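The structure appears below as structure tokens.
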Amino acid sequence: MTEFICFDQINAPLRLGDGVDLSDLLLRVLPGWPFTSREGASAPPFFEIETEGANRYLCRNLITDAAPRRLDALNAVCDMVAAMSFALIDSQPEHLCLHAGAVEIGGRLVVIPNARRAGKSTLTACLARDGHPVFTDDTLPVRFDAMGRLVGRAGGISPRLRLPLPDTLDHAFRSWVAANPGPDNGQYKYLSLPDLPPSGRPAPLGAIVLLERSEVQPPSLSPVEPETAMDTLLFQNFTREVHSVDVLKLLARMTTTLPVLRLRYGEAPQAADLLAQSFNVWPDPVPSDPVLAGALARADLDTMPAIAVTAGETYRQRPGAAMADVGDALYLSDPEGGRIHRLNPVSQAIWTLLEHPISPEQIRDVLVEAFPDTNPDRIGADVTEFMAGLGAAGLIDRV
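Residue 7 is where the sequence shown starts when you use my numbering, and the numbers rise one by one after that.
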């Protein structure tokens, strides 16, 4: 009999085909995310799992239209959990979703954006072992609450480690992982935690920590430029249907009002100790601005007006294009909210010139005068390329 698993706060269900019995495993992997089982569903499923034999399942992600995958039971649930993040955003449009871990320390969330082979999951597990509540080790929904505070949402999903653990990890941590009763399949292990926050529980954001593996001893924290953090968060944002003006608003708020630090470390347990000591007490109140409260707007992805830029004609900024200054960088959003563009200082100067009607040739002449040591032909080529990009992105109008 076909079974539909309906998760709290998600409109679309998980569909389990005849003979698929994963309820016990779902309870162990998602102990903090309530769900019910039904024989029918009122919405199309976001994910399907069919049995193909003993511990072998055919999995279909119906949100991303990825190719079907044949997996064992635990990896099938892993794939389903990844798809849940997209299903949640479809059902909860007030959130922006980041590839990041988040651990509650001193009542606020320390957000750890994803970075390849930087040890985010292991560091999160070390913090969990020390008793710090893990909101997520993979994807973090973020929104403004009613007071205009930045808050993150707990997933209610057990954190996951890749196996085997590196031999370089200290013996105490590896022993703790081995003794943990969470499910594993030799490739991954989900950690069973007694204090896992339930799905949907909010907590204010406290800091952003970018990871960098290093042999430096002991681990250290150092400030990071806001634009570096902004670029990182933009790359880790996978909420493609949120209007880019609201993406800029939320991420600019994160990077300009929260401490942004780089953690250089070699050993995860020592790094976890440093984070716990550094953020056990927060010196300032949680930043808030009631003007920022409210749901995030949706992008108009069906309307992306583009124009071809030609020589001899004049252009200007398109009404509705929005800007955000973060550190030394300027970020632009098109009026439809589909894209975000980062401008360097020269590009910023061109954008300023476009406040009034101007031709590419006039822009070139202004820049040639401003940079007399640069080859004029190179400047002209750069202006042509940049203006073509603005036209294709729907950021300028022909006058």
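For each residue, glycine too, the CB sits at the ideal point set by N, CA and C. Only a predicted model underlies this, so the values are computations on that prediction, with no experimental measurement involved.
Environment of F241 [buried if 16+ CB atoms lie within 10 Å]: In the sequence shown, counting from the first residue as 1, residue 241 sits at position 235. Exposed is the call here.
Alpha carbon of R348 to alpha carbon of G395, nearest angstrom: Residue 348 sits at position 342 when you count from the first residue of the sequence shown. Residue 395 sits at position 389 when you count from the first residue of the sequence shown. Spanning the two alpha carbons is a distance of roughly 12 Å.
Per-residue DSSP class, three states only, for A60: As a first step, residue 60 must be located in the sequence shown, where it is residue number 54. Of the three classes helix, strand and coil, the one that applies to A60 here is coil, per DSSP.
Under 9 Å between C-beta atoms of A327 and P341: Position 321 of the sequence shown, counted from the first residue, corresponds to residue 327. Position 335 of the sequence shown, counted from the first residue, corresponds to residue 341. In contact: A327 and P341 (Cβ atoms closer than 9 Å).
Element boundaries [beta strand (DSSP E), containing L171]: As a first step, residue 171 is located in the sequence shown; it is residue number 165 there, counting from the start. Taken as a continuous stretch (DSSP letters only), L171 belongs to no beta strand (DSSP E), as it is neither H nor E.
6 Å CB neighbourhood of F52 in its chain, flanking five on each side removed: As a working note, residue 52 is residue 46 in the sequence shown. Excluding residues within five positions, the ones whose Cβ falls inside 6 Å are A18, L68, I69, A89, A93.
Option in N81, E110, D85, D78 with minimal Cα separation from D71: Taking the first residue of the sequence shown as 1, we reach residue 71 at position 65. The option with the nearest alpha carbon to D71 is D85.
Cβ shell of A82 (< 6 Å), same chain only, five flanking positions each side left out: Start at 1 with the first residue of the sequence shown, and residue 82 comes out as number 76. Excluding residues within five positions, the ones whose Cβ falls inside 6 Å are I55, Y63, C65.
9 Å Cβ cutoff met for A305 and V248: Sequence index remark: in the sequence shown, residue 305 carries index 299 (1-based). Sequence index remark: in the sequence shown, residue 248 carries index 242 (1-based). Yes, Cβ-Cβ distance for A305 and V248 is below 9 Å.
Three-state class that DSSP yields for G158 in the structure shown: In the sequence shown, the residue the question calls residue 158 occupies position 152. In this structure, G158 counts as strand in the three-state DSSP scheme.
CA nearest to the CA of R149, picked from A209, L401, D237: To locate residue 149, count along the sequence shown from 1; it is residue 143. The option with the nearest alpha carbon to R149 is A209.
C-beta contact flag for L269 and E218 at 9 Å: If you number the sequence shown from 1, residue 269 lands on position 263. If you number the sequence shown from 1, residue 218 lands on position 212. Yes. Within cutoff.
9 Å Cβ cutoff met for P382 and R370: Mapped onto the sequence shown, residue 382 falls at position 376. Mapped onto the sequence shown, residue 370 falls at position 364. Against a cut-off of 9 Å, the Cβ pair of R370 and P382 comes out as a contact.
Enclosing alpha helix (DSSP H) for E367 [first to last residue]: Indexing the sequence shown from 1 puts residue 367 at position 361. 366 to 376 is the extent of the alpha helix (DSSP H) around E367.
Contacts around G125, its chain only, beta-carbon distance under 6 Å, and the 5 residues preceding and following it disregarded: For the purposes of this step, residue 125 is identified with residue 119 of the sequence shown, where counting begins at 1. Excluding sequence neighbours, G125 sits near A274.
Selection from T261, R324, G386, D201 that minimises the alpha carbon distance to A398: Indexing the sequence shown from 1 puts residue 398 at position 392. If we check each option's Cα against that of A398, R324 comes out closest.
Among T261, K255, W357, E361, nearest to V389 - alpha-carbon criterion: Translated into the one-based positions of the sequence shown, residue 389 becomes position 383. Considering only alpha carbons, the answer is W357.
Inter-stretch contact at 8 Å, needing at least 3 Cβ pairs: the region 275 to 289 / the region 105 to 116: yes
Residue interval of the beta strand (DSSP E) (run including F41): Counting from one through the sequence shown, the residue named residue 41 turns up at place 35. Counting along the chain, the beta strand (DSSP E) containing F41 begins and ends at 41 to 44.
Start and end residues, beta strand (DSSP E) containing E218: What you label residue 218 is simply residue 212 of the sequence shown in a count that begins at 1. Segment 208 to 219, the beta strand (DSSP E) holding E218.
Distance between T316 and S365 (C-alpha atoms, nearest Å): As a first step, residue 365 is located in the sequence shown; it is residue number 359 there, counting from the start. As a first step, residue 316 is located in the sequence shown; it is residue number 310 there, counting from the start. Taking the straight line from one Cα to the other gives about 9 Å.
Neighbourhood of L360 by C-beta, 7 Å cutoff - its chain only, sequence neighbours within 5 removed: Working through the sequence shown from its first residue, we reach residue 360 at position 354. If we look at L360 and ignore the five residues flanking it on each side, its Cβ neighbours are Y321, R322, Q323, I402.
Boundaries of the beta strand (DSSP E) in which V148 is found, first to last residue: The residue you call residue 148 lines up with position 142 of the sequence shown. Its beta strand (DSSP E) spans residues 145 to 150.
Neighbourhood of V297 by C-beta distance below 8 Å, restricted to the same chain and skipping five residues each side: Working through the sequence shown from its first residue, we reach residue 297 at position 291. So the qualifying residues of the chain are G154.
S250 versus R345: straight-line alpha-carbon distance, rounded: Counted from its first residue, the sequence shown places residue 250 at position 244. Counted from its first residue, the sequence shown places residue 345 at position 339. Distance between the alpha carbons of S250 and R345 is about 6 Å.
Neighbourhood of L199 by C-beta, 6 Å cutoff - its chain only, sequence neighbours within 5 removed: Along the sequence shown, read from residue 1 onward, the residue named residue 199 stands at position 193. Hits under 6 Å: A134.
Under the three-state DSSP convention, the category A72 falls into: Locating residue 72 in the sequence shown gives position 66, counting from the first residue. Coil.
6 Å Cβ shell around G386 - same chain, five flanking residues per side excluded: Reading the sequence shown from its first residue, position 380 is the one you call residue 386. So the qualifying residues of the chain are R370.
Residues near T130 in its chain [Cβ-Cβ closer than 8 Å; skip 5 each side]: Reading the sequence shown from its first residue, position 124 is the one you call residue 130. Cβ neighbours of T130 beyond the five flanking positions: G107, V109, I118, V140, D143, P165.
CA-to-CA distance, P99 to G161, given in whole angstroms: As a position in the sequence shown, residue 161 is number 155, starting the count at 1. As a position in the sequence shown, residue 99 is number 93, starting the count at 1. C-alpha separation (whole angstroms): 16 Å.
Residue burial classification, V405 (beta-carbon count within 10 angstroms, cutoff 16): Locating residue 405 in the sequence shown gives position 399, where the first residue counts as 1. Classification of V405: exposed, given that the 10 Å Cβ count is below 16.
8 Å contact criterion, which E233 and A152 should meet: CB distance rounded: The count along the sequence shown starts at 1 and reaches residue 233 at position 227. The count along the sequence shown starts at 1 and reaches residue 152 at position 146. Going by Cβ atoms, the distance from E233 to A152 rounds to 30 Å, so no, they are not a contact pair.
First and last residue of the uninterrupted alpha helix (DSSP H) at A82: Residue numbering aside, residue 82 sits at position 76 when the sequence shown is read from its first letter. Its alpha helix (DSSP H) spans residues 79 to 97.
Which residues DSSP lists as bridging M7, in chain order: Stepping through the sequence shown from its first residue, residue 7 is reached at position 1. BP columns for M7 are empty, so no partner.
Distance cut-off 8 Å: F13 Cβ against heavy atoms of the ligand SAM: The model on display carries no ligand, and the ligand SAM is accordingly not part of it.
Host alpha helix (DSSP H) of P275 (start-end): Along the sequence shown, one-based indexing puts residue 275 at 269. Its alpha helix (DSSP H) spans residues 274 to 285.
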